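J.: Shown below is the structure under consideration.
Protein chains: 2
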Amino acid sequence: MRLSRYFLPVLKETPSEAQIVSHRLMLRAGMIRQEAAGIYSWLPLGHRVLRKIEQIVREEMDRAGAIEILMPTLQLADLWRESGRYDAYGPEMLRIVDRHERELLYGPTNEEMVTGIFRASVRSYKDLPKNLYHMQWKFRDEQRPRFGVMRGREFLMKDAYSFDVDEAAAKRSYNRMFVAYLNLYARMGLKVVPMRADTGPIGGDLSHEFIVLADTGESEVFCHRDLVEMGPPGTDQDWDSDLQHLVDQRTSLYAATEEMHDATRFDAEVPEEKRLSARGIEVGHIFYFGEKYSVPMKAVVAGPDGVERPVHMGSYGVGVSRLLGAIIEASHDDNGIIWPESVAPFGVAVINLRPGDEAVDTACQQAYDHLTAAGKEPLLDDTSERVGAKFATMDLIGVPWQLIIGPKGLASGEVEVKNRATGERLSLSLDAALTLLSAKAGS
Amino acid sequence: MRLSRYFLPVLKETPSEAQIVSHRLMLRAGMIRQEAAGIYSWLPLGHRVLRKIEQIVREEMDRAGAIEILMPTLQLADLWRESGRYDAYGPEMLRIVDRHERELLYGPTNEEMVTGIFRASVRSYKDLPKNLYHMQWKFRDEQRPRFGVMRGREFLMKDAYSFDVDEAAAKRSYNRMFVAYLNLYARMGLKVVPMRADTGPIGGDLSHEFIVLADTGESEVFCHRDLVEMGPPGTDQDWDSDLQHLVDQRTSLYAATEEMHDATRFDAEVPEEKRLSARGIEVGHIFYFGEKYSVPMKAVVAGPDGVERPVHMGSYGVGVSRLLGAIIEASHDDNGIIWPESVAPFGVAVINLRPGDEAVDTACQQAYDHLTAAGKEPLLDDTSERVGAKFATMDLIGVPWQLIIGPKGLASGEVEVKNRATGERLSLSLDAALTLLSAKAGS
Chain A
1 MRLSRYFLPV
11 LKETPSEAQI
21 VSHRLMLRAG
31 MIRQEAAGIY
41 SWLPLGHRVL
51 RKIEQIVREE
61 MDRAGAIEIL
71 MPTLQLADLW
81 RESGRYDAYG
91 PEMLRIVDRH
101 ERELLYGPTN
111 EEMVTGIFRA
121 SVRSYKDLPK
131 NLYHMQWKFR
141 DEQRPRFGVM
151 RGREFLMKDA
161 YSFDVDEAAA
171 KRSYNRMFVA
181 YLNLYARMGL
191 KVVPMRADTG
201 PIGGDLSHEF
211 IVLADTGESE
221 VFCHRDLVEM
231 GPPGTDQDWD
241 SDLQHLVDQR
251 TSLYAATEEM
261 HDATRFDAEV
271 PEEKRLSARG
281 IEVGHIFYFG
291 EKYSVPMKAV
301 VAGPDGVERP
311 VHMGSYGVGV
321 SRLLGAIIEA
331 SHDDNGIIWP
341 ESVAPFGVAV
351 INLRPGDEAV
361 DTACQQAYDH
371 LTAAGKEPLL
381 DDTSERVGAK
391 FATMDLIGVP
401 WQLIIGPKGL
411 ASGEVEVKNR
421 ATGERLSLSL
431 DAALTLLSAK
441 AGS
Chain B
1001 MRLSRYFLPV
1011 LKETPSEAQI
1021 VSHRLMLRAG
1031 MIRQEAAGIY
1041 SWLPLGHRVL
1051 RKIEQIVREE
1061 MDRAGAIEIL
1071 MPTLQLADLW
1081 RESGRYDAYG
1091 PEMLRIVDRH
1101 ERELLYGPTN
1111 EEMVTGIFRA
1121 SVRSYKDLPK
1131 NLYHMQWKFR
1141 DEQRPRFGVM
1151 RGREFLMKDA
1161 YSFDVDEAAA
1171 KRSYNRMFVA
1181 YLNLYARMGL
1191 KVVPMRADTG
1201 PIGGDLSHEF
1211 IVLADTGESE
1221 VFCHRDLVEM
1231 GPPGTDQDWD
1241 SDLQHLVDQR
1251 TSLYAATEEM
1261 HDATRFDAEV
1271 PEEKRLSARG
1281 IEVGHIFYFG
1291 EKYSVPMKAV
1301 VAGPDGVERP
1311 VHMGSYGVGV
1321 SRLLGAIIEA
1331 SHDDNGIIWP
1341 ESVAPFGVAV
1351 INLRPGDEAV
1361 DTACQQAYDH
1371 LTAAGKEPLL
1381 DDTSERVGAK
1391 FATMDLIGVP
1401 WQLIIGPKGL
1411 ASGEVEVKNR
1421 ATGERLSLSL
1431 DAALTLLSAK
1441 AGS
C-alpha cells in the first residue's frame, strides 16, 4: 500500500475523551472512529488488524476441530423465551420491534440459536462431538460504554458451542477449547492466564476466564506467578485425546478472578513470593453448563442404548474486537503502538525520505516490489510530509520494521533498518536489508 | 474436511416454503437455516461459499484502488437527519431505541456514515480520489421477505463510496467500479449485463444495475443480445486511466431495466434478431449522485485554487449474500447445485465407497492428504451411508469434482474421477487422478 493513496487519518493531539492508553492510541493512529457511544467504525488500519486477529482465532478453532458457521445478528424474542432468558437478561439486551410488530433482539450471545440449529438435525450420539463457532457482531447495551473497543456496545465476538453425549465427553470438548485458547493468544504475543471464574448469565458450574495482566485492567485478579511465564501448550497436539494433563498443569496452580477469589486458599496454597495480585483484562471466557439449554429446548440425542438424553453443552467466547485494545495495552511505548508481527497491519514500512529524488524513488519502488512479492505487506510512505512527521507516524501506528531510504545514505550505498520494538537501527546495503526483512518481517 | 466430523444437515425432502430453485437447493444442501422471516443462519457449507464470494469481491475492490473499512451495523438517527433521509426512508428502515432512549437504526446503507468519516479528516483535493468500501450486514425490513437469501431482511452487502473533486474525476471513479464489477462477476462464473437503472432512494442521475439473466429473475429486462456474450474487460487494466472505452463498449448497446425501458428506443436501436427481453436478477447497483450528500453534510475539500467545494460522490453495491442465490439460479440441474470452481465450498469430493476396507481407507487418506497439500480443500466422505446416498449428496452440494474410490476398482488399479458439471467420468490410476485433480480442481 502507498500511503499517498491510503486513508490514515492520524491525530496530532491526544483525544480528551479517551481514558486509557489503547483507546487513545487507536484514535490517534486512525484505527477507529466513534459513531455513537460504544459503537465504532473500523478505519483501514484498524480493520487490517481486526482481520488478522480474526484469522488467527479461525485457524486455531479449525485446528481444534470446531466448524465455522455464521448466525445472524438479529434473533427472535420467542427463541429466548424457550430458555427463559428473554425476561431474565435485563437492560443490556437491545430489544427491537419490526414493522409487523414481531419482537426481535440484537444477539448478545447465541446459546439459544445454536441449540436450535443443533436440535433441528442431530439425532444420534454417533454424530457427536460437535463444536460450531462463528464470528459475528454482538450488541450489549452497556449502561456506560467506555475504554474504546474494550467495553463497546457493538463488538465482534468469536463464540463456539460444543455438544456432547455426556459430561465426560463435554469436558474433553472444554479442554480442547482451553488449550486452543492458550495457543491463539500466544500467537498474538499475549501472555494470558486462565482463571477460575464466575459463570454469570450464561450459567453452569465450570468456567475459566482468560486474563491479560495489565495495569489498566478492569478488575483485580490473583494467581501463582509461575502461570504468567508458562508457555503455550503448542498447536501440535492430538486433538482427539483428552488433553487433561495440559489443563491440569495450568489449573493446579491458584488463579482466580475477584469474584471467585478465596484469600485463605490463596495464602495457604501459594508461597508468599509467588503470590501475584494484579489488574487483568478478560480476553476470553469459557463455560461448561451441561444441560442448562438442552433440557428446556429439548436438544436430545439417542445414546448407544437407543434412549434419548439431553446433550451436554459448553460455550467459548473470545472478544475479537476487544483483543486489539488488550494487545495495545500490553504492547506500546511513549511513541505509540508496538504490534506483534503476527497481527501487525503492515509487515514493513518503507520510508522514502525524499520523494521526487529519482534514485530514492527507484530504490523505494524496488524495495516495495520485493517485499510485496515476499508477502510482507509493505506500507510505502511516498508522501511529502516532513521527515520527522514520517518517523512519528510510523512509530505511532506500530509497524514492526522500518526501512528508511534517503539520498545521503543511498549515495554511499546504504539504507537503514529500524526495529520498532527495540529501537535498534542497522545501516546496510539495500540488498542486505531486503534479505533481512524478507526473512524476518511479517507473517 | 472429513464428512463424518462435519455438520452438513442435508434434507431429503424439498421444503415446501421455498418457491424458487436456489432457495430450495440451499435448504436441501444444508447451507442455510431460516431463523425468522428473511433472517438466516449460514451453516458450514453456505458459510464457506459466502466467504469465497466475499474474498473475490475484496480482491477486485482492492485491485481497483478501493480501501477496506468496516462500519458498524447500528447508526445514529441524527446522522440520517443531516441528509434528510431519516424521515424519507419509510418502513424498510428498522428503527431502534436504546436503554437511554437514543434513536438508532440498523443500517440499510451507509452514505451518511461514510460521508461523516470522510469529512472528519479529508481537507484537500490532493487527497483525492478516495474510495472506501466495507462488507457488513445490512437490514431492510421488507414487507414480504421471500426467495431465501435473494430477498432477505438481514443481508450482506459490499458497499463502496467514492469521493472526488469534480464530476469528471467522479466519473473516472464510477468507471473503475463499473469495470471491477464486470471482472468480479466473471470470476464467479456469472454472465452479467450492466443496465441503465433507476436511482431510487440513493438518488443521483447516473446509475447502472448489474443483471444476471435467469428465468426466475424478479423483474423484466431488455437488452442487445451481444451484451450477454461480451466477455469481462479483464483485471489487467491501468486503473489510473479513465477506462472510458471499456464502459462505452458496454453502454453503447441498449440495455435497460423495466423502470428505465423505452420501447421506442429499443426497437429503433436494436435489430429485431438482437432484441432480448428476459427476466433478470440484480446482483449489483452503482450510482453517481454528485453533491447529494456532500452539500447537506458539508463534506468539502479545498481545490487547487484554495476554495472549498463539496465533493462529488458515488456509491457501489454488491449483494454478497444474494450472489449465492443468483449463482445457483444460473448453475444447477435436477440433481442439485453446480458450483463454479472459484466459489465451490470444496474443490474435490473424495468418496470412500467402503469405509473399513483397509486398502480403500488407505487410498482415500492418501488422496485426501495429497489434495489438501495441493490446496484443493477436499471433502472426504468417510461415512457409512449407502453408496447411492453418497453420490446424491455430492451431486446436491455441487462439489465440482468427485474422486470415487472403491474396492473393486482399486483391485484393478483404478479409481474414478467425475466432473459434476458435465457428468463426464474417467477411470484411471490413483496417481493419474491426483495429478489431474491437482492441476484442475479448486482455486
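Quick mapping for you: the protein sequence lines, in order, are chains A and B. Residue 165 in our numbering sits at position 165 of the first sequence, and the numbers go up by one each step. Position in the second sequence (first residue = 1) + 1000 = our numbering. Virtual Cβ for every residue (Gly too), placed ideally from N, Cα, C. All of these numbers come straight from a predicted model, not from anything done at the bench.
Spatial neighbours of Pro-1233/B within its chain, please: C-beta separation below 6 Å, excluding the five flanking residues on both sides.
T.: These residues qualify, in order along the chain: Val-1179, Leu-1182 and Leu-1246.
J.: Between Ile-56/A, Asp-242/A, Ile-32/A and Ser-277/A, which has its C-alpha nearest Thr-228/A's C-alpha?
T.: Reading the sequence as shown, one finds Val at residue 228/A and not Thr. For Val-228/A, the nearest C-alpha among the options comes from Ser-277/A.
J.: Using the C-alpha atoms, what's the distance from Phe-155/A back to Arg-444/A?
T.: Any question about residue 444/A goes unanswered here, given that chain A covers just 1 to 443.
J.: By the 8 Å beta-carbon criterion, what residues does the region 1383-1399 of chain B contribute toward chain A?
T.: Hits within the stretch: zero.
J.: Looking only at its own chain, which residues have a Cβ that is under 8 Å from the Cβ of Leu-74/A, when we skip the five neighbours before and after it?
T.: Once the five neighbours on either side are set aside, the close Cβ partners of Leu-74/A are Ile-96, Leu-104, Leu-105, Tyr-106 and Gly-107.
J.: Does the contact criterion of 3 or more C-beta pairs under 8 Å hold for the region 162-172 of chain A versus the region 290-304 of chain A?
T.: Enough Cβ pairs lie closer than 8 Å, so yes.
J.: How many Å lie between Ile-1069/B and Lys-1390/B at the Cα?
T.: Approximately 42 Å, taken between the alpha carbons.
J.: State the Cα-Cα distance for the pair Asp-1159/B and Ile-1327/B, rounded to the nearest angstrom.
T.: Those two C-alpha atoms are separated by around 20 Å.
J.: With C-beta atoms as the reference, is Met-71/A less than 7 Å away from Asn-110/A?
T.: Cβ distance < 7 Å, so Met-71/A and Asn-110/A count as in contact.
J.: Could you give the C-beta distance for Ala-170/A and Tyr-288/A, rounded to a whole number, given that I count them as a contact under 8 Å?
T.: At roughly 6 Å, the Cβ-Cβ gap stays under 8 Å, so Ala-170/A and Tyr-288/A are in contact.
J.: If you draw a straight line from the C-alpha of Asn-352/A to the C-alpha of Gly-336/A, how long is it?
T.: One C-alpha to the other measures close to 21 Å.
J.: Can you confirm whether Ala-1036/B, when its beta carbon is compared against all beta carbons of chain A, has any partner nearer than 7 Å?
T.: Closer than 7 Å to some Cβ of chain A, the Cβ of Ala-1036/B qualifies, so yes.
J.: How far does the alpha helix (DSSP H) with Thr-1264/B in it reach, from first residue to last?
T.: 1263-1269 is the span of the alpha helix (DSSP H), which, as asked, contains Thr-1264/B.
J.: Just to confirm my understanding: we take Asp-1242/B, look at its own chain, exclude 5 residues before and 5 after, and list those with CB closer than 7 Å. What are they?
T.: Same-chain partners within the cutoff: Arg-1172 and Asn-1175.
J.: So with Cβ pairs under 7 Å, would you call Trp-1042/B a contact of chain A?
T.: Closer than 7 Å to some Cβ of chain A, the Cβ of Trp-1042/B qualifies, so yes.
J.: Less than 7 Å between CB atoms is the rule here; does Ser-443/A satisfy it with respect to chain B?
T.: Caution applies to Ser-443/A, whose pLDDT of 44 falls short of 50 and renders its modelled position unreliable; the value that the coordinates give is listed next. For Ser-443/A, the answer is no, since every Cβ of chain B falls outside 7 Å of its Cβ.
J.: Would you mind reading off the limits of the beta strand (DSSP E) that contains Asn-1131/B?
T.: 1130-1139 is the extent of the beta strand (DSSP E) around Asn-1131/B.
J.: Tell me where the beta strand (DSSP E) around Ser-16/A begins and ends.
T.: Segment: none, Ser-16/A is in no beta strand (DSSP E) and carries neither H nor E.
J.: For Tyr-6/A, which residues in chain B fall below 7 Å Cβ to Cβ?
T.: Going along chain B in sequence order, the residues near Tyr-6/A (Cβ under 7 Å) are Ile-1067.
J.: Use the C-beta contact count for Leu-1128/B: other C-beta atoms within 10 angstroms, 16 or more gives buried, fewer gives exposed.
T.: By the neighbour-count rule (16 or more Cβ atoms within 10 Å), Leu-1128/B is buried.
J.: Counting only beta-carbon atoms, is Thr-73/A nearer than 7 Å to chain B?
T.: Yes - at least one Cβ of chain B is within 7 Å of the one on Thr-73/A.
J.: In three-state terms, what does DSSP make of Val-295/A?
T.: Coil.
J.: Pull the bridge partners of Phe-1222/B from the DSSP assignment, please.
T.: Note: Phe-1222/B sits in a beta bridge opposite Ala-1256/B and Ser-1277/B.
J.: Can you list, in chain order, the residues of its chain with a C-beta nearer than 6 Å to that of Val-1318/B? Leave out the 5 residues immediately preceding and following it.
T.: Counting only Cβ-Cβ distances below 6 Å, and skipping sequence neighbours, we find Val-1057, Lys-1158 and Gly-1284.
J.: Which first and last residues belong to the alpha helix (DSSP H) in which His-1047/B is found?
T.: His-1047/B -> alpha helix (DSSP H) spans 1044-1063.
J.: List the DSSP bridge partners of Phe-155/A.
T.: Looking at the DSSP assignment, Phe-155/A forms a beta bridge with Lys-138/A.
J.: Would Tyr-1316/B and Met-1113/B be called neighbours here (beta carbons separated by less than 7 Å)?
T.: Contact: no.
J.: Along the chain, which unbroken stretches of the alpha helix (DSSP H) at least 4 residues long are found entirely within the region 343-379 of chain A?
T.: For the region 343-379 of chain A, whole alpha helix (DSSP H) runs of length 4 or above, ordered along the chain, are 358-373.
J.: Could one say the Cβ of Asp-226/A lies closer than 7 Å to chain B's Cβ atoms, at least one of them?
T.: Not one chain B Cβ lies under 7 Å of Asp-226/A.
J.: Given Leu-213/A, which residues of its chain have a CB within under 6 Å of its CB, disregarding the five upstream and five downstream residues?
T.: Answer for Leu-213/A: Ala-278 and Gly-280, listed in chain order.
J.: Go ahead and label Thr-264/A buried or exposed: buried means 16 or more other beta carbons lie within 10 angstroms of its beta carbon, across all protein chains shown.
T.: Exposed is the call here.
J.: If contact is defined by three or more beta carbon pairs under 8 Å, each pair taking one atom from either stretch, is the region 1431-1439 of chain B in contact with the region 1410-1423 of chain B?
T.: In short, these stretches touch, since the Cβ pair count reaches three.
J.: Mind listing the chain A neighbours of Pro-1009/B? Cutoff is C-beta to C-beta under 9 Å, in chain order.
T.: Near Pro-1009/B (Cβ distances below 9 Å), the residues of chain A are Ile-117, Ala-120, Ser-121 and Val-122.
J.: Whole angstroms are fine: how far does the CA of Asp-395/A sit from the CA of Phe-346/A?
T.: For Phe-346/A and Asp-395/A, the distance between alpha carbons rounds to 12 Å.
J.: For Phe-210/A, tell me which candidate among Asp-240/A, Pro-194/A and Ile-39/A has the shortest Cα-Cα distance.
T.: Selected option, being the one with the closest Cα: Pro-194/A.
J.: Could you give the residue range of the alpha helix (DSSP H) that holds Ala-439/A?
T.: Its alpha helix (DSSP H) spans residues 430-440.
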